[in-house]
Each structure stands twice: as C-alpha cells, then as structure tokens.
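Student: Residue numbers for the sequence shown follow the numbering used here, beginning at 1 and rising by one.
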Amino acid sequence: SGLVFALLFSHSVFAEVFIPSKEYVGYYDYEGVYTVGGNVKNQNDFALIPTISITVIDGENTFTKTITHVTIPPRTDIPFKIKFSEITGDNPVLLEPRLKFTKTEKEPIAITIIYDKTLIKHDDGHVTGRIINNGNQTIFNPKILAIANGHEKMLDVVHNIEYIDKIDPGEIIEFSMYPDPSITDDIFYYSCFAPVDSTVIPISTKKNGGD
Numbered sequence: 001s002g003l004v005f006a007l008l009f010s011h012s013v014f015a016e017v018f019i020p021s022k023e024y025v026g027y028y029d030y031e032g033v034y035t036v037g038g039n040v041k042n043q044n045d046f047a048l049i050p051t052i053s054i055t056v057i058d059g060e061n062t063f064t065k066t067i068t069h070v071t072i073p074p075r076t077d078i079p080f081k082i083k084f085s086e087i088t089g090d091n092p093v094l095l096e097p098r099l100k101f102t103k104t105e106k107e108p109i110a111i112t113i114i115y116d117k118t119l120i121k122h123d124d125g126h127v128t129g130r131i132i133n134n135g136n137q138t139i140f141n142p143k144i145l146a147i148a149n150g151h152e153k154m155l156d157v158v159h160n161i162e163y164i165d166k167i168d169p170g171e172i173i174e175f176s177m178y179p180d181p182s183i184t185d186d187i188f189y190y191s192c193f194a195p196v197d198s199t200v201i202p203i204s205t206k207k208n209g210g211d
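Printed below as a string of structure tokens:
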C-alpha cells in the first residue's frame, strides 16, 4: 500500500504543474517563423524549475525542442515562447506539451506590476506600464512576460522591448510590450503578467530522433 500511495502522490503533485490547453498555441509569426507559446501554471506550495518539451509534426518530419524554463514560484504562472524556424508546412500539428520539473528553493522575484491607470493597452495593440522593486536587493536584467489574448483564446506571449539593466529597491521603471504584428488586430486583453529575473535557455533540439 505504501507503493500505491507514493504513485498516487507523485501523480497528484504533477497534476498541479500544467500548461492549460487554452493557453497553448502555435502560429506563424509576422516573419513567417512557426512560434509556440504557452503558460506554465505551478499550483504547488513550492517553487520549481520546469523542463518543457514541445513537439510539432510538419509533414513527414517531427521536430522536438526542449527548454528549461525559469524558476516558477509557488502558485504562480510564467509564460514561455519558442520558435521553430525549421517548420515550413501549411498545416503543422502541435502536439500536447510534455512537462517535467525539479523542486527548488527560491524566493519569488520582488518585482511587481503596478496595476493602475498607467497600465494601458493602446489602440495599436501594444501595452505600456510600470514595475516596482518591492524588495531590498537590486535585481539585474529582469524581463516582463505576458499573454496576449483574443476574445476566446491566447494569441501570443510577449515581453518588454526595452533592455532593463537593473532595478534598485523601491525603483519604478516603465516598460512597453509589442505583440507580433500578425495578431495585433485580434488582441482583446493581456493577462498573466510575470516578471522574471533570468532568460529561458534551450537545452536540446531533436529532429526525427537525432540531436
């Protein structure tokens, strides 16, 4: 019975880390590059580092890319985006994502989005807003990610266009985000704003079983 309990427990923990199907999309961007965006939800009470494997079938070829995402604090969502320049077909098939994760100890990043009248979605689809460092340490090279949504589905994952070298304790910095031009007209609202303090690193690429 101990073994059964362990299996059930590990499965239930894994179920608390997932990419909702409504927040997982593949599309050709403005430059014609096949792009996959998604949102990883961590509903556990511990921080974790997810490894995400994305597979796309393009005609007779299968492409898989695996990324190790940034650390996701407890009960937090952080979007991701990955591009497949190898894909050229008219109807690529995006398979369900595969997720693994390792538990980690990490304090949530002390940057928060200021949700007030300065957070504006403009008529051309881009967003401007402000972030503040609520902690007592300087944070270097932060990025802000968000999901651009249509009326009923996610359209894209966007990030701030300005390089932010650092943000000191108590400092407020303005940011702006521009969606891919191919979906600008369809944007209804933005969600899941997520400040992160490091970049996403691709660790391997596979094509038809080879690296």
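By construction, the Cβ of each residue, glycine as well, lies at the ideal position given by its N, Cα and C atoms.
When you compare only the Cα positions, how much space is there between V70 and G89?
Tutor: Sequence index remark: in the sequence shown, residue 70 carries index 70 (1-based). Sequence index remark: in the sequence shown, residue 89 carries index 89 (1-based). Roughly 31 angstroms between the two C-alpha positions.
Student: Is the beta carbon of N141 less than 9 angstroms from the beta carbon of I161?
Tutor: As a first step, residue 141 is located in the sequence shown; it is residue number 141 there, counting from the start. As a first step, residue 161 is located in the sequence shown; it is residue number 161 there, counting from the start. No.
Student: Given a cut-off of 9 angstroms on the beta-carbon distance, is the pair L145 and I183 in contact?
Tutor: What you label residue 145 is simply residue 145 of the sequence shown in a count that begins at 1. What you label residue 183 is simply residue 183 of the sequence shown in a count that begins at 1. Contact flag unset, no.
Student: On the three-state DSSP scale, how would you describe E174?
Tutor: Residue mapping note: residue 174 aligns to position 174 of the sequence shown, counting from 1. In this structure, E174 counts as strand in the three-state DSSP scheme.
Student: I need the DSSP call for K81, collapsed to helix, strand or coil.
Tutor: For the purposes of this step, residue 81 is taken as the residue at position 81 of the sequence shown. Reduced to three states, the DSSP call for K81 is strand.
Student: Could you tell me the alpha carbon to alpha carbon distance between V127 and I167, rounded to whole angstroms?
Tutor: In the sequence shown, the residue the question calls residue 127 occupies position 127. In the sequence shown, the residue the question calls residue 167 occupies position 167. Going from the Cα of V127 to the Cα of I167 covers about 20 angstroms.
Student: Would you list the residues sitting across from A110 in a DSSP beta bridge?
Tutor: Taking the sequence shown and counting its residues from 1, the one referred to as residue 110 is at position 110. DSSP output for A110 lists no bridge partner at all.
Student: Measure the alpha-carbon distance for Y34 versus R130 and round it to whole angstroms.
Tutor: Position 34 of the sequence shown, counting from 1, holds the residue named residue 34. Position 130 of the sequence shown, counting from 1, holds the residue named residue 130. If you take the alpha carbons of Y34 and R130, they lie about 31 angstroms apart.
Student: Would you call the segment 19-28 in contact with the segment 83-97, where contact means no fewer than 3 C-beta pairs closer than 8 angstroms?
Tutor: With a cut-off of 8 angstroms, the segment 83-97 and the segment 19-28 count as touching, because enough Cβ pairs lie within range.
Student: Just confirm the distance between the C-beta atoms of P259 and G38, as a whole number of angstroms; I'd bet it's less than 8 angstroms.
Tutor: Here the chain comprises residues numbered 1 to 211, so residue 259 is not present and cannot be evaluated.
Student: CB-CB under 7 angstroms to N217, same chain, minus the five flanking residues each way: which ones, in chain order?
Tutor: Outside the shown range of the chain (1 to 211) lies residue 217, about which nothing can therefore be said.
Student: By how many angstroms is the C-alpha of I139 removed from the C-alpha of C192?
Tutor: Position 192 of the sequence shown holds residue 192. Position 139 of the sequence shown holds residue 139. Between C192 and I139, the C-alpha separation is close to 21 angstroms.
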